[in-house]
Amino acid sequence: MKKILVSLFLIQFIFYSQNALAQKPTGEIDSQTFEVEKKKKIELPPANRLYNKLQPFINDDDDRKLNYEFRAPKLTLGAPKMTPNVLPVNGNEKIEDDGNLQNYVKLGGGNYGKIYGEGFMGGQTENLGYDIHFKHLSNQTGPVDGKNSANSENRLKVNGQYLAGTFKLGGTLFYDRDNYYFYANRSQPNAEVLKGNIRQTLNTVGLQVGFENTDNNKFIDYALKTSLYRLSDRYSASETDWGTNFSGSIPITKNIFALLNADAFVSQRVDAETFKRNLFSIKPAFKFAYNALTVTAAFKAVNEIDDRLKINRTVGFPQLEVDAVPFSGVHLFAGYGGDMTRNTLRSLLGENRWLGPNVTVANTERSRDIYGGLKGEAGPSFQFEGKVSYALFKNFYGFNNDWLDTTKFAVVYDADYINVLTVSAQVGYQYKNILRSTLRGDFYDYSIKRLEQPWGRPTTTVTWNNSFVFSKKMFATIDAYYLGGMKNRNFLTGKTVNLKSIIDLNLKVDYLLTRNFSIFASVNNLLGKSYERYLYYPQQGLNFLAGLSLQF
């Protein structure tokens, strides 16, 4: 199996790399080109080395200490999460001698004609684990115009995992279906709208397979993952994407390690025309770790191909990061680097579902990123992190209403090199198994050149997530979100609109009636604020969901 997967990756990487070299490195995006995209990236879950047997399909023990790893915030534009995270109803307190209740079925309903259903079932033997998960959430009406702003989402996912003596083989098969309407405020609000003319349906089917080493004593550590998905919409547009990743490491001495990471992505877009978008990268690196000092040096080479934009070029990004521990509990880090952010129709739709047809999808180049910060803990209950980044981007993008149809959005790119300053901070607190709280803020300054504004992008985002265990039977979460500084423009009228800041407060409570039954209730937008994440698209006001859960 190992040889087959490695051969598969090499064939994919070599064949398309040779094809890429036959084209000329040309092409640039006009800064005022408006484009559209589609939905989330497909990735296998992070490969957690299984030094023990298969982990059960339940959350980790709540007794563990909070552990944060600082990651650069993604410059995405999605709305704040409207459904708060909650503690599992079959949490740590429900573990009894006769086994864990890891399977569940949930049913509920709420205002806006909300219908909710979710189910999970899994099992495992000594070396084999599997689970199946289904979720349905729909609103029969929306914030405006009744059923013309309804929406629904359906998710089906099947996971499997096999653990042998020295390796782990895992796979995921999934299907997503999203149905919604372009219900934005119109120039003629009283005109009759045919529901079928403003409907959009996204169907995504995908397969992911991963193969990795789990033997701690092996000289070479490795992981190979491949994924394939196809996205299609109601208007005959589609995107097919095949991606493969290999990562490996070899110890050279006790303190020095050689690392290798390689990616190959082959993609085809079908819309008004059919074209290919491929990306290949390889990153060798060396890591030195001695006592309180860690230094990582790497060089990443990226080849990108885009038939539509007539791009075939290879760029390189030197990378260096230093991490030092001046005293116990505190890390200081600084680095220099760059990368190519791969954008797809699927990833852009994940940020803004109101995209129009025939959009241009282009990768974003982070040519230079100078950053530094600190992270650590003060005692067993308090953690903190902070980071400052000053990065140079090309093809930095935003979302704005289309020139001709303001109910749909286009992707706008700044084809020049622009600087973005990002300041991020996060603190976390945990009190025993009773309270967990995380507060994070991100602040952005965009030095836009060809665009008038960083359309649709916030200058400030703040999230505050809290979970509480009141007793063995009652759990609750309270989440707060703030987004500010967004702007969009109506190019038909020439008017620039400063969108109202978003302040959102959400609450969810779970109460255990018996070992097998619990009830839950959630209230979103508790403040009842009326806001638009994107121009002309008002969001739901105060909305609630309540229901019953069965654990078995």
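So the sequence shown is residues -22 to -1, 1 to 530, counted in mature numbering (1 follows the signal peptide of the UniProt record, and there is no 0).
All residues carry an ideal CB built from backbone N, CA and C; glycine is no exception.
Here the alpha carbon of residue 484 sits roughly 39 Å from the alpha carbon of residue 202. Residue 322 and residue 386 have their C-alpha atoms spaced approximately 18 Å apart. Each residue's CA atom was taken as its position, placing residue 189 and residue 200 some 9 Å apart. Between the segment 302 to 316 and the segment 267 to 277 there are three or more C-beta pairs closer than 8 Å, enough to call the two in contact. Sequence-distant Cβ neighbours of residue 255 in its own chain, meaning closer than 6 Å and more than five residues away, are 245, 284.
Per DSSP, the continuous beta strand (DSSP E) segment holding residue 528 begins and ends at 521 to 529.
Burial is judged here by how many other beta carbons sit within 10 angstroms of a residue's own beta carbon; residue 250 has fewer than 16 and is exposed. The three-state reading of DSSP puts residue 237 in strand, counting E and B together.
The Cβ-Cβ distance between residue 505 and residue 83 does not fall below 8 Å.
For residue 511, the enclosing beta strand (DSSP E) starts and ends at 510 to 512. When DSSP states are grouped into helix, strand and coil, residue 477 belongs to the coil group. Linking residue 510 to residue 435 through their CA atoms gives a straight-line distance of about 13 Å. For residue 329, the enclosing alpha helix (DSSP H) has its first and last residue at 323 to 329. Rounded to whole angstroms, the separation of the alpha carbons of residue 439 and residue 370 is 21 Å.
DSSP links residue 133 through a beta bridge to 113, 154. Residue 255 has 245, 284 as its beta-bridge partners, per DSSP.
DSSP, read as helix, strand or coil, puts residue 466 in strand. Three or more pairs of CB atoms, one per stretch, sit closer than 8 Å, so the segment 363 to 377 contacts the segment 342 to 351. Of all C-beta pairs linking the segment 416 to 431 to the segment 393 to 400, three or more are shorter than 8 Å, placing the two stretches in contact. Secondary-structure assignment with DSSP links residue 406 through a beta bridge to 361, 416. Around the CB of residue 118, fewer than 16 other CB atoms lie within 10 Å, so the residue is classed as exposed. Of the candidates 403, 384, 280, 403 places its Cα closest to the Cα of residue 361.
Residue 232 counts as exposed, since fewer than 16 other C-beta atoms from the protein chains shown sit within 10 angstroms of its C-beta. In summary, residue 389 is buried, with 16 or more beta-carbon neighbours lying within 10 Å of its beta-carbon over all protein chains present. In the DSSP assignment, residue 302 falls within the unbroken beta strand (DSSP E) covering 289 to 305. A check of alpha carbon separations from residue 465 across 335, 317, 379, 109 identifies 379 as the nearest.
Under the three-state reduction of DSSP, residue 411 is assigned to coil, being neither helix nor strand. When C-alpha distances from residue 239 are compared across 111, 225, 358, the shortest belongs to 225.
CA-CA distance, residue 159 to residue 124, rounds to 11 Å. The three-state reading of DSSP puts residue 205 in strand, counting E and B together. Residue 103 and residue 207 have their C-alpha atoms some 29 Å from each other.
Residue 171 is bridged by DSSP to nothing; it lacks a bridge partner. DSSP places residue 102 in the uninterrupted beta strand (DSSP E) bounded by 92 to 102. Nearest to residue 394 by alpha-carbon distance, out of 375, 405, 381, is 375. In the three-state DSSP reduction, residue 372 falls in the strand class (E or B).
According to DSSP, residue pairing for residue 190 in a beta bridge involves 146, 201.
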